[in-house]
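Undergrad:
Protein chains: 2
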Amino acid sequence: MENFRYYNPTKIIFGKNTIPQIGPVIKKHGFRKILMLAGQGSIRKNGVYEQAAKSLKSAGIKSVELWGVRPNPVLAKAKEAIRVAKKNKVEAILAVGGGSVIDSAKASAAGVFLRDLWDAFEDKVRIEKALPLFTVLTVSGSASEMNQWAVVTNEAEKKKWSIGSDALFPRVSIIDPSVQMSLPWKQTVFGAVDALAHLMENYFLGRDQETSMALAEALMRTIMKLVDKLQHSPEDYDSRANLVWAAGLAHSGIAAAAMRGGDWASHGIQHGVSALHPELAHGAGLAVIFPAWILQVRKSNPITFQRWARNVMQSRNIEDAVYKFRTKLAKWRAPVWLSDLGIHAREIKAIAQNACQQELGILKKLSRKDVESILKRTHKPTDKIK
Amino acid sequence: MENFRYYNPTKIIFGKNTIPQIGPVIKKHGFRKILMLAGQGSIRKNGVYEQAAKSLKSAGIKSVELWGVRPNPVLAKAKEAIRVAKKNKVEAILAVGGGSVIDSAKASAAGVFLRDLWDAFEDKVRIEKALPLFTVLTVSGSASEMNQWAVVTNEAEKKKWSIGSDALFPRVSIIDPSVQMSLPWKQTVFGAVDALAHLMENYFLGRDQETSMALAEALMRTIMKLVDKLQHSPEDYDSRANLVWAAGLAHSGIAAAAMRGGDWASHGIQHGVSALHPELAHGAGLAVIFPAWILQVRKSNPITFQRWARNVMQSRNIEDAVYKFRTKLAKWRAPVWLSDLGIHAREIKAIAQNACQQELGILKKLSRKDVESILKRTHKPTDKIK
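Taken in order, these protein sequences are the chains called A and B. As numbered in the working numbering, residues 210 to 595 make up the first sequence, in order. As numbered in the working numbering, residues 210 to 595 make up the second sequence, in order.
#1: Three Cβ pairs or more, each shorter than 8 Å: is that satisfied between the segment 469-477 of chain B and the segment 377-392 of chain B?
#2: Taking the C-alpha atoms as reference points, what is the distance between M409 (chain A) and A359 (chain A)?
#3: Tell me which residues share the same chain as I252 (chain A) and place their Cβ nearer than 7 Å to its Cβ, disregarding the 5 neighbours each side in the sequence.
#4: Based on Cα-Cα distance, which residue from A:A287, A:S272, A:A493 and A:S317 lies nearest to A401 (chain A)?
#5: Smallest Cα separation from A316 (chain B): which of B:A290, B:K295 and B:N411?
#6: Between which two residues does the alpha helix (DSSP H) containing G400 (chain A) stretch?
#7: So, does the segment 309-324 of chain B touch the segment 387-402 of chain B, judging by three or more C-beta pairs under 8 Å?
#8: Between which residues of its own chain and S353 (chain B) is the CB-CB distance below 6 Å, once the five residues before and five after are set aside?
#9: At a cut of 8 Å, does the segment 520-536 of chain B reach the segment 335-343 of chain B through at least three beta carbon pairs?
#10: Write down the C-beta distance between W327 (chain A) and N363 (chain A) rounded to the nearest angstrom, noting that I regard them as a contact closer than 8 Å.
#11: Are any of the Cβ atoms in chain A nearer than 7 Å to that of F223 (chain B)?
#12: Just verifying my parser: in three-state terms, what is the DSSP assignment at N363 (chain A)?
#13: Which whole-angstrom value is the C-beta distance of A496 (chain B) and A456 (chain B), which I expect to be below 8 Å?
#14: Count the other CB atoms, across all protein chains shown, that sit within 10 Å of the CB of D385 (chain A); report buried if there are 16 or more and exposed otherwise.
#15: Have a look at M210 (chain A) and H460 (chain A) and give me their C-alpha separation to the nearest angstrom.
#16: Taking only three categories from DSSP, how would you classify G477 (chain A)?
#17: Would P233 (chain B) and A268 (chain B) qualify as a contact pair, given that the criterion is a beta-carbon distance under 7 Å?
#18: With a 10 Å radius around its C-beta and 16 neighbouring C-beta atoms as the bar for buried, classify P341 (chain A) as buried or exposed.
#19: State yes or no: is the C-beta of I527 (chain B) within less than 7 Å of the C-beta of F514 (chain B)?
#20: Relative to the C-alpha of K585 (chain A), which candidate in A:Q566, A:A518, A:K508 and A:P500 has its C-alpha closest?
#21: Per the contact definition of three or more C-beta pairs closer than 8 Å, is the segment 416-432 of chain A in contact with the segment 422-434 of chain B?
#22: Could you tell me which of A:G248, A:E366 and A:H441 sits nearest to Q566 (chain A), measuring between CA atoms?
#23: Based on DSSP bridge pairs, tell me the residues matched to R214 (chain B).
#24: Which stretch, first to last residue, makes up the beta strand (DSSP E) that contains E274 (chain B)?
#25: Can you tell me whether I594 (chain A) is helix, strand or coil according to DSSP?
#26: Spell out whether any CB of chain A is found under 7 Å from the CB atom of L620 (chain B).
#27: Residues of chain A with a CB under 7 Å from the CB of F213 (chain B): which are they?
#28: Could you give the residue range of the alpha helix (DSSP H) that holds G492 (chain A)?
#29: Give me whichever residues DSSP pairs with G551 (chain A) in a beta bridge.
#30: Give a yes or no on whether 7 Å exceeds the smallest Cβ distance from E419 (chain A) to chain B.
#31: Near I552 (chain B), which residues of its chain fall below 6 Å by C-beta distance, leaving aside the five closest residues on each side in sequence?
#32: Can you list, in chain order, the stretches of the beta strand (DSSP E) that have 3 or more residues and sit fully within the segment 235-282 of chain A?
#33: With which residues is T344 (chain A) paired in a DSSP beta bridge?
#34: Taking just the CA atoms, how far does R416 (chain A) sit from I512 (chain A)?
#35: Thinking C-alpha only, which one of B:F213, B:P218, B:R214 and B:F223 is nearest M468 (chain A)?
#36: Is S371 (chain A) helix, strand or coil when you go by DSSP?
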């Protein structure tokens, strides 16, 4: 087993009616003026904004608001947040939303101290400091509420890339799963697929990391079981709460110890899709790409793919396991084939080219040809599975 | 699912040849003078002391040493450490050892700021601050290297009690599993039993905490699998490293979310045993007590005990699962019956009385009669299992 470092200092406050704690929590950390970053307004409808704003006000915290972060968040918005943060001399940033809002908050929290934020995405500078971050989570999947990662799209350069730094762990994340009860079904599914993908990106590198692999398998099985339960009983708070917690843990680092940082090729290809199709949900792209990646690279680590087939999918072989996985995704009404995303086969080359701007793959380094080959495995076969 | 808080800021540096990082790590945190707390000398034999001392010296860190912490550590030693820490005005404490040394370090780190350390054990004062803690782990089981808990025995009052505080999380723990390759077999087993017990104390309270329960099951199965492997191949580094990591995670809080803090009755009873028999290893006592506790309280949460039987012990019912568990313990050469510990049945009343100085049990509150009844279940039957 390889040496590793594990660190995750984010404090989680989890459960019903926890959002009113945000004001006192920020106050206790000694901050009096914050930037509150939010999305496109859903938090006004589900009552989250009202609870958070009231709590901040009662605690005497001055809050400058910036709205309008959209899914697949863009660099321009993060830069706007940097300007607002600097102009108002805020002491911390509070993200109220899902992964897109939290990622944007992380990028701007770091960007306040950088000459050019994008340099960090290009690995030209290291992120050594950032404004303190707090989050109120409203959509699960990214696990951004309990990790040090952020993904942002540079629209001009059509690059959806990531940053990571210990400075980007939220100080405190408040997670009230009940606010996710009203999410559209597809957001629950895409979040779950994203969480599964985070586990798989690490798991499939596994060889001798028995503990990390067992934890990943437990989380994968649990996430699938809970989505099945929620599809049957959408109002079941316990299933929702467990899914929300599992999705956070899935990319908290806990199942990634000694996994050499993970593979991340499927995410890389998905980011290529996103960069060209920013309208598509991240989880939707992953649902299509990940099974195809498994089929493409399965011979690079056959014992572990076999183990996944057996322990997670209850299958005797990998082909059958992938078939069962796609069938489950289809049952959840997730896209399974490239055409389900509304993407035509003629775009494959462009997607592969975009994705290959960065090196792809640790388990197996992927050439542009490999990526094209993976994308060709996402053609809907004539024998439909749904 | 109940609301919960999750927090664990300890940074873990894990793997071969990591001990020489301790000096630079402490220096980076800004400390120049520390108290190094150690046990009875095994770290002189396995090279850990030499590596740590050299690293501290190279980093320019002045180290005051206090040796002699023994298993089932005592209050008097923690008080001695407090005096040494104060007298030498150390800025931090480094524990080099297993759970006993780390627990003693935690107690003294807090005690420096308390009028009377034992008041914290009696819940008369809260621990709000402590000297910064660092650890170099040499024996796994307690998970003290990655949690906020400490257990110390007040010899005069015959009380083996615990403290817990966010101030007691180590800043950094260095874990080189290879130093545990030379441990006597029984220490490996007792550590594993302790880790299993930490999981079970939380797990058996479970009802609707699907995620925590799945993680606990994964860790329990993994720990048992790895001990089996090590019994067969004691030199297998990967099994050792995975066991060490699993044992830490087992009481890191990660599998305890929403578990109402755990039951801890079996630990309470074991502490009663320890207080009267400080010569006995903690894990040895737990191996005897936990199966008996399961049999005693199984009707208080039958679905979960049944789930444990099925998912962890591959048994159809609880009685069979406990039989298999005891058989496994015996195969590992752990004690299974009270008489294996050298304790006579006539001591049962005294142990129960000692244990019942504190309230015992969350799943089922235990009276002194209940504790006696549990201890009676540890009588070796005529049909021996080993």
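The beta-carbon is built from N, C-alpha and C at its ideal position, and this holds for glycine as well.
TA: Here's the rundown:
#1: Taking one beta carbon from each stretch, the segment 469-477 of chain B and the segment 377-392 of chain B have fewer than 3 pairs nearer than 8 Å; the two do not touch.
#2: For the pair M409 (chain A) and A359 (chain A), the Cα-to-Cα distance works out to about 19 Å.
#3: Y258, V305, G306 and T347.
#4: Among A:A287, A:S272, A:A493 and A:S317, the Cα nearest to that of A401 (chain A) belongs to A:A493.
#5: The candidate whose alpha carbon is nearest that of A316 (chain B) is B:A290.
#6: First-last of the alpha helix (DSSP H) with G400 (chain A): W394 to Y412.
#7: Under the three-pair Cβ rule at 8 Å, the segment 309-324 of chain B does not count as touching the segment 387-402 of chain B.
#8: Here S353 (chain B) has G308, I311 and D312 as same chain residues with Cβ atoms under 6 Å from its own Cβ, once five neighbours each way along the sequence are excluded.
#9: Fewer than three beta-carbon pairs drawn from the segment 520-536 of chain B and the segment 335-343 of chain B are found closer than 8 Å, and the two stretches are therefore not classed as touching.
#10: Between W327 (chain A) and N363 (chain A) a beta carbon distance of about 6 Å is seen, short of the 8 Å cut, so the two are scored as contacting.
#11: Yes, its Cβ sits closer than 7 Å to a Cβ of chain A.
#12: Three-state DSSP puts N363 (chain A) in a strand.
#13: Actually they do not touch by this definition, with Cβ atoms about 15 Å apart.
#14: Classified as buried, D385 (chain A) has 16 or more neighbouring CB atoms from the shown chains inside 10 Å of its CB.
#15: The C-alpha of H460 (chain A) is placed about 20 Å away from the C-alpha of M210 (chain A).
#16: Here DSSP, grouped into helix, strand and coil, assigns G477 (chain A) to helix.
#17: Inclusion of P233 (chain B) and A268 (chain B) in the CB contact set at 7 Å is warranted, their separation being smaller than that value.
#18: Under this definition P341 (chain A) is a buried residue.
#19: It is a contact, given that the beta carbons lie within the stated cut-off.
#20: For the residues A:Q566, A:A518, A:K508 and A:P500, the minimum Cα distance to K585 (chain A) belongs to A:P500.
#21: In short, these stretches touch, since the Cβ pair count reaches three.
#22: Ranking A:G248, A:E366 and A:H441 by Cα distance to Q566 (chain A) puts A:E366 first.
#23: For R214 (chain B), which the question treats as bridged, DSSP gives the partners A:I222.
#24: Note, E274 (chain B): beta strand (DSSP E), K271 to L275.
#25: For I594 (chain A), the predicted model reports a pLDDT of 43, less than 50, meaning its position is unreliable and no value from the coordinates is stated.
#26: For residue 620 (chain B) there is no data in the structure shown, the boundaries of chain B being 210 and 595.
#27: Result: F223 and G224.
#28: Taken as a continuous stretch (DSSP letters only), the alpha helix (DSSP H) holding G492 (chain A) covers H491 to V506.
#29: According to DSSP, G551 (chain A) bridges with nothing at all.
#30: It does; some Cβ of chain B falls within 7 Å.
#31: Same-chain partners within the cutoff: there are none.
#32: Runs found: 242-247 and 271-275.
#33: A:A304 and A:S382, per the DSSP bridge assignment.
#34: Rounded to whole angstroms, I512 (chain A) to R416 (chain A) spans 8 Å at the Cα level.
#35: Nearest C-alpha to M468 (chain A): B:F223.
#36: S371 (chain A): strand per DSSP, three-state reduction.
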